[in-house]
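Reviewing the structure listed below.
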Amino acid sequence: MGIQISPSILAADFANLAAECRRVAGAADWLHVDVMDQHFVPNLTLGLPVVEALLASVSTPVDCHLMIEDPDRWAPGYAEAGAGSVTFHLEAAQAPVRLARELRRLGARAGVGLKPATPVDAIAGLLGEIDMVLIMSVEPGFGGQPFLDLALPKIRRARELIGDADIWLQVDGGVAEGTIERCAEAGADVFVAGSAVYGAEDAAAACSALRAAATVAAGAGRTAALR
Ligand code: DX5
Ligand code: ZN
Numbered sequence: 315m316g317i318q319i320s321p322s323i324l325a326a327d328f329a330n331l332a333a334e335c336r337r338v339a340g341a342a343d344w345l346h347v348d349v350m351d352q353h354f355v356p357n358l359t360l361g362l363p364v365v366e367a368l369l370a371s372v373s374t375p376v377d378c379h380l381m382i383e384d385p386d387r388w389a390p391g392y393a394e395a396g397a398g399s400v401t402f403h404l405e406a407a408q409a410p411v412r413l414a415r416e417l418r419r420l421g422a423r424a425g426v427g428l429k430p431a432t433p434v435d436a437i438a439g440l441l442g443e444i445d446m447v448l449i450m451s452v453e454p455g456f457g458g459q460p461f462l463d464l465a466l467p468k469i470r471r472a473r474e475l476i477g478d479a480d481i482w483l484q485v486d487g488g489v490a491e492g493t494i495e496r497c498a499e500a501g502a503d504v505f506v507a508g509s510a511v512y513g514a515e516d517a518a519a520a521c522s523a524l525r526a527a528a529t530v531a532a533g534a535g536r537t538a539a540l541r
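Sequential numbering of the sequence shown, starting at 315, is according to the numbering used here.
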């Protein structure tokens, strides 16, 4: 699939969401929507009604990142609404295999997210059931935090585990020019960026610049792996 860019609308103007989504139309592969419930994380954002409204008014596919408790109960609703990708946190799921199967049955890609302190090997047994692994490179809850370098060996380990399987490897938190290169070199292929995109004057140009930086670094990573 190659490099994909998923701008996080957490850094957008919530009073003008549809217009903010259009700022990256054509330049973004996905719109990353951060759903937070003030229980799994200490912040509250938006939920299913807002996601449904966005799905009705934007054409870019929607990538829902659910930072919520009890995803077993709530995540399927996002797939039913038409989100192209639904990621739940492994730390919060009661029955991750059953949930991933349900998301796929409802037509969404199933993603599993890991907080910074959760070891990557926890997903080893799940790989046949999921479409994406999300490595958090900040503690989930807020945009604009500095990138945690501890994500890099986790990305490398996830890439080893995934091998040639058709599973995307997403990184989220503090991704910008200067950090995206190291993530791409380590093997990530889907990049979430909030402030780096929506903090820029030209959000579409910021997406393109991130894609270009990641593409070059991914090539360097592949060459290094062959040596
Ligand atoms: C944080 C969210 C991220 C956040 C990224 O919990 O999951 O998606 O919006 O924002 P930046 O790119 O500003 O770190
Ligand atoms: Zn996110």
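Backbone N, C-alpha and C fix where the C-beta goes; we use that ideal spot for every residue, glycine too. Bear in mind the structure is a predicted one, so any value in this text is a computation, not a measurement.
Mapping DSSP to helix, strand and coil, what is A395?
-> By one-based count along the sequence shown, residue 395 stands at place 81. Note: A395 maps to helix in three-state DSSP.
Would you list the residues whose beta-carbon is nearer than 5 angstroms to any heavy atom of ligand 2, in the order they occur in the chain?
-> D348, H379 and D486
Evaluate the contact criterion for the stretch 340 to 348 versus the stretch 362 to 377: three or more CB pairs, one atom per stretch, below 8 angstroms.
-> Three or more beta-carbon pairs separated by less than 8 angstroms link the stretch 340 to 348 to the stretch 362 to 377, which places the two stretches in contact.
Give the DSSP-derived three-state secondary structure of D336 in the structure shown.
-> In the sequence shown, the residue the question calls residue 336 occupies position 22. Looking at the sequence itself, residue 336 is Arg, so the reference to Asp does not match. When DSSP states are grouped into helix, strand and coil, R336 belongs to the helix group.
Cα-Cα separation between A288 and A406, rounded to whole angstroms = This structure gives no information on residue 288, because the portion of the chain shown stretches from 315 to 541.
At a cut-off of 7 angstroms, is P356 close to ligand 1 when judged by its beta-carbon and the heavy atoms of the ligand?
-> As a first step, residue 356 must be located in the sequence shown, where it is residue number 42. No, the Cβ of P356 stays beyond 7 angstroms of every heavy atom of ligand 1.
Within the stretch 467 to 515, ranges of the beta strand (DSSP E) (whole runs, at least 3 residues) | 482 to 486 and 504 to 507
Whole-Å CB distance - V504 paired with S451, under 8 angstroms assumed | What you label residue 504 is simply residue 190 of the sequence shown in a count that begins at 1. What you label residue 451 is simply residue 137 of the sequence shown in a count that begins at 1. That belief does not hold up - the Cβ atoms of V504 and S451 are roughly 13 angstroms apart, past 8 angstroms.
First and last residue of the uninterrupted beta strand (DSSP E) at A436 = Residue 436 sits at position 122 when you count from the first residue of the sequence shown. First-last for A436: undefined, no H or E at that position.
Using the C-alpha atoms, what's the distance from A519 back to L475?
-> If you number the sequence shown from 1, residue 475 lands on position 161. If you number the sequence shown from 1, residue 519 lands on position 205. Spanning the two alpha carbons is a distance of roughly 33 angstroms.
Which value, in whole angstroms, describes the spacing of the CA atoms of G391 and C378?
-> As a position in the sequence shown, residue 391 is number 77, starting the count at 1. As a position in the sequence shown, residue 378 is number 64, starting the count at 1. Between G391 and C378, the C-alpha separation is close to 11 angstroms.
Where the beta strand (DSSP E) containing L368 begins and where it ends | As a position in the sequence shown, residue 368 is number 54, starting the count at 1. Note, L368: premise wrong, no beta strand (DSSP E); alpha helix (DSSP H) at L362 to S371.
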